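Asks: Below you'll find the structure I mean.
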Amino acid sequence: PSAHRARPATSVATTGRREMACCCPSDLAAAGVEAAEEELIVNDEVLSEAGGGISLLESDEAAVVATQSGGYVEEPLSERGCECSHEEARVAAAAVVESGAMPAGEQEAAAEAAAGQVALEEGRAADVGDTLEDLRKNREHPGAVTNIMRSLKCSSLAATALKILLFLPILPVIWLCMLLPAVVLTVVYLPLWFVCPDALIRCLGMKERPGHAPEWMLPSPGAAQSQQFSDVLPAQLRGVFYTRNIGLPYDFMCFQRGRWSDEKKTSTIFLTADPNVFCLRREFLGVLIRIVFAIVRCGYDFEFELDEQGRLREALVIGRMLCFRIPKFFMQFGMTDVSPNRDGSLWERWSILFGRVETSYWVERVLDENGLQTRFFPHVLAEVPERCFGIGG
719 PSAHRARPAT
729 SVATTGRREM
739 ACCCPSDLAA
749 AGVEAAEEEL
759 IVNDEVLSEA
769 GGGISLLESD
779 EAAVVATQSG
789 GYVEEPLSER
799 GCECSHEEAR
809 VAAAAVVESG
819 AMPAGEQEAA
829 AEAAAGQVAL
839 EEGRAADVGD
849 TLEDLRKNRE
859 HPGAVTNIMR
869 SLKCSSLAAT
879 ALKILLFLPI
889 LPVIWLCMLL
899 PAVVLTVVYL
909 PLWFVCPDAL
919 IRCLGMKERP
929 GHAPEWMLPS
939 PGAAQSQQFS
949 DVLPAQLRGV
959 FYTRNIGLPY
969 DFMCFQRGRW
979 SDEKKTSTIF
989 LTADPNVFCL
999 RREFLGVLIR
1009 IVFAIVRCGY
1019 DFEFELDEQG
1029 RLREALVIGR
1039 MLCFRIPKFF
1049 MQFGMTDVSP
1059 NRDGSLWERW
1069 SILFGRVETS
1079 YWVERVLDEN
1089 GLQTRFFPHV
1099 LAEVPERCFG
1109 IGG
């Protein structure tokens, strides 16, 4: 058996022309007071059977609350807050479906929509204030509408052992191409790093750059490189992204510096060959990565799938080494758009190594294509070193 996972359902569903949403006050406010009141009146009996506790925002000071008895009372928002949980939202959506107000084909999407809206509100409240330690401990991004890692399925121990045994003949190649050069270069360059680091950095074609102002990674407007690589690049991939919790000494990536095939819906990037596609930390391990990855010409192919609206939904990430692509039989990587609006502002980079699920990291857009900071930029100031290395450019 091989590792596999269930595809997450689309998080937006409609009933007629109305959008299904969580019943929290902020959701109803966003949809409009009149639309919310109409929806609540139509489904009053159904919502009461779903467990009650569903509130309707009427003003900044009070809300109309649907109780289990079906009556309405006013209650200050400051004393109540959001009463919907993910499970309650799913139950309420299921009740609406059973009432016949929604086509049967939209049942699963409706349940995901209700829970997704709850996650969106919770993420808006907690996302910017979370810490890297919390992210590593919980292994969940508070701004994401779903957690892909928890939906992944591990292979059996027998299948994992088989994959490892089949991978053993490849180890000599990896040793000769990557590990041996790393050992030799460490012995040669480590003294230079302590004696004359600036000279070493220049010899390797690297430049010291500001880590708290990564605008330098974006292509210059009107530049030939920008015209060649970025004109047809989907908006979901534009800007500078922070690879949060990656566990390796590079913090930023920029798809606009790579190569995009609109026909194949594939983005190809090379860690050291494409200028400023990645940003390395200012430490000796970053220098080694620059050298070894250049020797083996390490890179990735992001092969995207589209959703019903034609937006990028998920990518199969295939590693490249020398002239070969790493078979997904051994290592399966993916990147899924988990942003609330499916706009590419937040991706989950999940991994399966030899059939075992690994901890994900998250790819947050911290600068848009015009260099403007996004809501995730405070993470950069709190977690990224002030100085880093750019490669070429």
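Heads up: the sequence shown begins at 719 in our numbering, then just goes up one per residue. Built from N, CA and C at the ideal position, the CB exists for glycine as well. Here the structure is a predicted model, which is why all the values come from computation and not from measurement.
Which runs of the alpha helix (DSSP H) spanning at least 4 residues fall entirely within the region 929 to 991, listed in chain order?
Replies: Here the runs fully enclosed are 942 to 947.
Asks: When DSSP labels each residue in this structure, what does glycine 1052 get in the three-state scheme?
Replies: Counting from one through the sequence shown, the residue named residue 1052 turns up at place 334. Residue state, collapsed to three classes: strand.
Asks: Going by DSSP in three states, aspartate 1019 sits in which element: helix, strand or coil?
Replies: Residue numbering aside, residue 1019 sits at position 301 when the sequence shown is read from its first letter. Correct three-state label for aspartate 1019: strand.
Asks: Classify arginine 868: buried if its beta carbon has 16 or more other beta carbons within 10 angstroms, exposed otherwise.
Replies: Reading the sequence shown from its first residue, position 150 is the one you call residue 868. It is exposed - the Cβ of arginine 868 has fewer than 16 other Cβ atoms within 10 Å.
Asks: Could you tell me whether the Cβ atoms of isoleucine 964 and tyrosine 1079 are closer together than 8 angstroms?
Replies: For the purposes of this step, residue 964 is identified with residue 246 of the sequence shown, where counting begins at 1. For the purposes of this step, residue 1079 is identified with residue 361 of the sequence shown, where counting begins at 1. Result yes, Cβ atoms of isoleucine 964 and tyrosine 1079 sit closer than 8 angstroms.
Asks: At the level of alpha carbons, what is the spacing between isoleucine 892 and leucine 998?
Replies: Indexing the sequence shown from 1 puts residue 892 at position 174. Indexing the sequence shown from 1 puts residue 998 at position 280. One C-alpha to the other measures close to 22 angstroms.
Asks: Helix, strand or coil: which one does DSSP assign to glutamate 1183?
Replies: Nothing can be reported for residue 1183: it is not among the residues displayed for the chain, which extend from 719 to 1111.
Asks: Secondary structure at serine 873, three-state DSSP: helix, strand or coil?
Replies: Taking the first residue of the sequence shown as 1, we reach residue 873 at position 155. Correct three-state label for serine 873: coil.
Asks: Check cysteine 1041 in the structure and name its three-state DSSP category.
Replies: To locate residue 1041, count along the sequence shown from 1; it is residue 323. Residue state, collapsed to three classes: coil.
Asks: For proline 743, does the count of other Cβ atoms within 10 angstroms reach 16, so buried, or fall short, so exposed?
Replies: Translated into positions along the sequence shown, residue 743 becomes position 25. Reliability fails at proline 743, whose pLDDT of 40 lies under 50, so the model's placement of it is uncertain and the value that follows must be treated cautiously. Result: buried.
Asks: Could you give the first and the last residue of the continuous alpha helix (DSSP H) run that contains arginine 1008?
Replies: As a first step, residue 1008 is located in the sequence shown; it is residue number 290 there, counting from the start. That run of the alpha helix (DSSP H) goes 1002 to 1014.
Asks: Taking 8 angstroms as the limit between beta carbons, can you name the residues of its chain near leucine 1115, skipping five residues before and five after?
Replies: The question about residue 1115 has no answer, for the chain in this structure spans 719 to 1111.
Asks: If you measure from the beta carbon of cysteine 1041 to each beta carbon in chain B, is any gap under 8 angstroms?
Replies: Here there is only one protein chain, and chain B is not present.
Asks: Specify the secondary structure class of isoleucine 892 as computed by DSSP and reduced to three states.
Replies: Residue mapping note: residue 892 aligns to position 174 of the sequence shown, counting from 1. Three-state result, isoleucine 892: helix.
Asks: In terms of DSSP beta bridges, what is glycine 1108 paired with?
Replies: Here the question's residue 1108 lines up with position 390 in the sequence shown. Per DSSP, Lys925, Cys997.
Asks: Using the C-alpha atoms, what's the distance from arginine 1000 back to proline 909?
Replies: By one-based count along the sequence shown, residue 909 stands at place 191. By one-based count along the sequence shown, residue 1000 stands at place 282. Approximately 16 angstroms, taken between the alpha carbons.
Asks: Assign asparagine 1033 to one of three DSSP states: helix, strand, or coil.
Replies: As a first step, residue 1033 is located in the sequence shown; it is residue number 315 there, counting from the start. Residue identity differs from the one stated: residue 1033 is alanine in this sequence, not asparagine. Residue state, collapsed to three classes: strand.
Asks: By Cβ distance below 6 angstroms, which residues in the same chain neighbour phenylalanine 1051 in space, the five residues on each side in sequence not counted?
Replies: Position 333 of the sequence shown holds residue 1051. Counting only Cβ-Cβ distances below 6 angstroms, and skipping sequence neighbours, we find Val1035, Ser1069.
Asks: For a quick check, are the C-beta atoms of alanine 1012 and phenylalanine 1020 less than 8 angstroms apart?
Replies: The residue you call residue 1012 lines up with position 294 of the sequence shown. The residue you call residue 1020 lines up with position 302 of the sequence shown. No, the Cβ-Cβ distance between alanine 1012 and phenylalanine 1020 is not below 8 angstroms.
Asks: Tell me the rounded alpha-carbon separation between lysine 925 and arginine 1060.
Replies: In the sequence shown, counting from the first residue as 1, residue 925 sits at position 207. In the sequence shown, counting from the first residue as 1, residue 1060 sits at position 342. Near 35 angstroms, if we compare the C-alpha coordinates of arginine 1060 and lysine 925.
Asks: Would a C-beta distance cut-off of 8 angstroms place cysteine 972 and leucine 989 closer than the cut-off?
Replies: Indexing the sequence shown from 1 puts residue 972 at position 254. Indexing the sequence shown from 1 puts residue 989 at position 271. It is not a contact, given that the beta carbons lie outside the stated cut-off.
Asks: Answer with buried or exposed for aspartate 969, where buried requires no fewer than 16 other C-beta atoms within 10 angstroms of its C-beta.
Replies: Locating residue 969 in the sequence shown gives position 251, where the first residue counts as 1. Buried.
Asks: Aspartate 1025 to isoleucine 882, Cα distance in whole Å?
Replies: On the sequence shown, residue 1025 is found 307 positions in, with the first residue counted as 1. On the sequence shown, residue 882 is found 164 positions in, with the first residue counted as 1. Their backbone Cα atoms lie some 35 angstroms apart in a straight line.
Asks: With DSSP as the reference, please indicate the residues paired to tyrosine 1079 in a beta bridge.
Replies: For this step, residue 1079 is matched to residue 361 along the sequence shown. Paired residue(s): Arg1067.
Asks: Going by DSSP, name the residue or residues bridged to arginine 1074.
Replies: Residue mapping note: residue 1074 aligns to position 356 of the sequence shown, counting from 1. DSSP, once it has assigned bridges, lists Leu1071 as partnering arginine 1074.
Asks: Secondary structure at valine 863, three-state DSSP: helix, strand or coil?
Replies: The residue labelled residue 863 in the question sits at position 145 within the sequence shown. Coil at valine 863, not helix or strand.
Asks: Please report the Cβ distance between glycine 1037 and methionine 1053, rounded to the nearest whole angstrom; I am assuming they are in contact, meaning their Cβ atoms lie under 8 angstroms.
Replies: Reading the sequence shown from its first residue, position 319 is the one you call residue 1037. Reading the sequence shown from its first residue, position 335 is the one you call residue 1053. Not confirmed; about 13 angstroms, so no contact.
Asks: With DSSP as the reference, label leucine 1085 as helix, strand or coil.
Replies: For the purposes of this step, residue 1085 is taken as residue 367 along the sequence shown, with counting starting at 1. Leucine 1085 falls in the strand class under three-state DSSP.
Asks: For histidine 1097, is the classification buried or exposed, using 16 other Cβ atoms within 10 angstroms of its Cβ as the cut-off for buried?
Replies: By one-based count along the sequence shown, residue 1097 stands at place 379. Buried is the call here.
Asks: For leucine 908, which of helix, strand or coil comes out of DSSP?
Replies: The residue given as residue 908 occupies position 190 in the sequence shown. Looking at leucine 908 - three-state DSSP - the assignment turns out to be helix.
Asks: What separation, rounded to the nearest whole angstrom, lies between the Cα atoms of glycine 1062 and tyrosine 960?
Replies: For the purposes of this step, residue 1062 is taken as the residue at position 344 of the sequence shown. For the purposes of this step, residue 960 is taken as the residue at position 242 of the sequence shown. For glycine 1062 and tyrosine 960, the distance between alpha carbons rounds to 13 angstroms.
Asks: How far does the alpha helix (DSSP H) with asparagine 1059 in it reach, from first residue to last?
Replies: Within the sequence shown, the letter at position 341 stands for residue 1059. Careful: asparagine 1059 lies outside any alpha helix (DSSP H) and carries neither H nor E.
Asks: If you follow the alpha helix (DSSP H) that leucine 850 is part of, which residue opens it and which one closes it?
Replies: For the purposes of this step, residue 850 is identified with residue 132 of the sequence shown, where counting begins at 1. First-last of the alpha helix (DSSP H) with leucine 850: 850 to 856.
Asks: Can you pull the DSSP bridge partners for glutamine 1091?
Replies: Here residue 1091 refers to the residue found at position 373 of the sequence shown. Paired residue(s): Leu1085.
Asks: Hey, asparagine 994 and arginine 975 are a contact pair by Cβ (cut 8 angstroms); roughly how many whole angstroms apart?
Replies: Numbered from its first residue, the sequence shown carries residue 994 at position 276. Numbered from its first residue, the sequence shown carries residue 975 at position 257. Confirmed, about 5 angstroms.
Asks: Could you tell me which of Gly1073, Val950, Arg1105, Asp1055 sits nearest to alanine 862, measuring between CA atoms?
Replies: Residue 862 sits at position 144 when you count from the first residue of the sequence shown. Nearest C-alpha to alanine 862: Asp1055.
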